[in-house]
Each structure stands twice: as C-alpha cells, then as structure tokens.
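Below: the structure, in structure tokens.
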Amino acid sequence: MKLKFVGTRGNIEAKNHRHRMHSSLVVSYYRKRLMIDCGEDWLGGLGQVKPGAVLVTHAHPDHAWGLKEGAPCPVYATAEAWEDMESYEIEDRRVLQHREAEHILGMTVEAFPVWHSTRAPAVGYRITAGEASIFYVPDVVYIEDREEALRGVQVYVGDGATITRSMVRKSDDHLIGHTP
C-alpha cells in the first residue's frame, strides 16, 4: 500500500504552491488508485490522478465539490453524504454502510461515523490492503467507537486543521469543528 497526499488544504485561502489543493489522499495498491475526497479545486482535474474509485468522507466543499460535474469512476459515500450530493452528475454511485466492510480495488474499506459537522455528517475510513491498515479522517472532533475503528491500524492520518488550539464548538448539544 502506498499513500500519496495530493491535497492538504482545508476550506481556506491557499498560502503557497505546496499547500494549494484541497485535502485528498490517493491510496495505491497493486497499481490501482483509490482517491479519498475530491474538493472544489479538483473540479475537472480527476484525469490527473486517474483513480479507479473515489471515496467521500463528507459533502463539504473542500471534500466533495470537485465531483459536481461527475467522475470517470465509481464514487462511494454514505447515504447521508449522497443526500447532500443529490444534484451531482455522478453516474456510478455506491452507498457505503457504516462499519460494513466493502471490497474496492483489492482493498477492504470500512466507514466509521465521526463528529465534525451537523450539516454534513462525516466518516473516517479504515483501509486494509494485504497486511497494511490505515485510518484516514481529515476532519474530526471525535471518532465514534474509536477502539474498533483503530483496531489493527498501523498508520493514523487525522485532522491537521489545527495543532495548537482547539477549533471545537457546540451546536445544539453536538460538538463540531476540528481537534488538535
């Protein structure tokens, strides 16, 4: 399994050329590419990555709006994310169930609910390929059933929006935002 960060920026203004594309990770396994998230600045640019499939963590602009005009491959997301992406011109829509293993491009993918936003429910993904296992959650306040989500994981890639201060707030008794 190989990981390539093709985007690391959140929904903020680009400050330099190395941090200009919205958060996106490409997981490669035996020459097959699984792209996780496709923010607004990827609109029309999926041909550069040539993914075999795309996973969406949640439907915020910096994670999903690059898919508004469609995708050349299957797109996987939870039912909640698909509700928010109803108008997207995606032909091959696949629904992921929380905590149910799905085999995609030779990898096993499991979606775990996380707290981040009340308007765009989010998940983190545990991805296993061969003996390697990662957990990817680019926006998070709290991982539901964290012990199970991280079981067997060798690499955790989490929210990097802040490393020094909390960006957590409360909305209708729900924690939202980003944790350091």
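Per my numbering, the very first residue in the sequence shown carries number 1039; after that it's consecutive.
The beta carbon of each residue, even a glycine, is placed where N, CA and C say it ideally should be.
Remember, it's a predicted structure, so these values are computed and weren't measured experimentally.
By alpha-carbon positions, which one of 1147, 1157, 1152, 1088 ends up nearest to residue 1098? Working through the sequence shown from its first residue, we reach residue 1098 at position 60. Among 1147, 1157, 1152, 1088, the Cα nearest to that of residue 1098 belongs to 1157.
Between which two residues does the beta strand (DSSP E) carrying residue 1140 extend? As a position in the sequence shown, residue 1140 is number 102, starting the count at 1. First-last of the beta strand (DSSP E) with residue 1140: 1140 to 1142.
From residue 1181 to residue 1210, what does the alpha carbon distance come to, in whole angstroms? Translated into positions along the sequence shown, residue 1181 becomes position 143. Translated into positions along the sequence shown, residue 1210 becomes position 172. Roughly 19 Å between the two C-alpha positions.
Which class does residue 1023 belong to by DSSP, given the choice of helix, strand or coil? Look at the range of the chain in this structure, 1039 to 1218, and you will see that residue 1023 is not part of it.
Range of the contiguous beta strand (DSSP E) that encloses residue 1193: To locate residue 1193, count along the sequence shown from 1; it is residue 155. First-last of the beta strand (DSSP E) with residue 1193: 1193 to 1195.
Using C-beta distances below 6 Å, list every residue in its chain close to residue 1146, excluding the 5 sequence neighbours before and after it, in chain order. The residue given as residue 1146 occupies position 108 in the sequence shown. Within the same chain, residue 1146 has close Cβ partners 1139, 1166.
Under DSSP, the beta strand (DSSP E) around residue 1134 begins and ends at which residues? Counting from one through the sequence shown, the residue named residue 1134 turns up at place 96. Residue 1134 -> beta strand (DSSP E) spans 1131 to 1134.
Just curious, the beta strand (DSSP E) that residue 1097 is in, first and last residue? Locating residue 1097 in the sequence shown gives position 59, counting from the first residue. Counting along the chain, residue 1097 falls outside any beta strand (DSSP E), and DSSP gives it neither H nor E.
Here's the rule I'm using: 16 or more other beta-carbon atoms within 10 Å means buried, otherwise exposed. How should residue 1069 be labelled? Sequence index remark: in the sequence shown, residue 1069 carries index 31 (1-based). With fewer than 16 Cβ atoms within 10 Å of its Cβ, residue 1069 is classed as exposed.
Those residues which DSSP pairs with residue 1149 across a bridge: Taking the first residue of the sequence shown as position 1, residue 1149 is located at position 111. Looking at the DSSP assignment, residue 1149 forms a beta bridge with 1136, 1163.
Going by DSSP in three states, residue 1184 sits in which element: helix, strand or coil? To locate residue 1184, count along the sequence shown from 1; it is residue 146. Helix, per DSSP.
Take residue 1044 and list the residues in its own chain whose beta-carbon comes closer than 6 Å to its own, dropping the five residues that flank it on each side. Within the sequence shown, the letter at position 6 stands for residue 1044. Cβ neighbours of residue 1044 beyond the five flanking positions: 1062, 1064.
Between residue 1134 and residue 1114, is the Cβ-Cβ spacing less than 8 Å? Reading the sequence shown from its first residue, position 96 is the one you call residue 1134. Reading the sequence shown from its first residue, position 76 is the one you call residue 1114. For residue 1134 and residue 1114, yes; Cβs fall inside 8 Å.
Could you give the residue range of the beta strand (DSSP E) that holds residue 1063? Position 25 of the sequence shown, counted from the start, is the residue given in the question as residue 1063. From DSSP, the beta strand (DSSP E) with residue 1063 extends over 1062 to 1067.
Counting only the same chain and skipping the five closest in sequence on each side, list residues whose C-beta sits under 6 Å from that of residue 1042. Start at 1 with the first residue of the sequence shown, and residue 1042 comes out as number 4. Result list for residue 1042: 1064, in chain order.
Quick test of the definition: if touching needs 3 or more C-beta pairs under 8 Å, does the segment 1166 to 1176 touch the segment 1066 to 1084? yes
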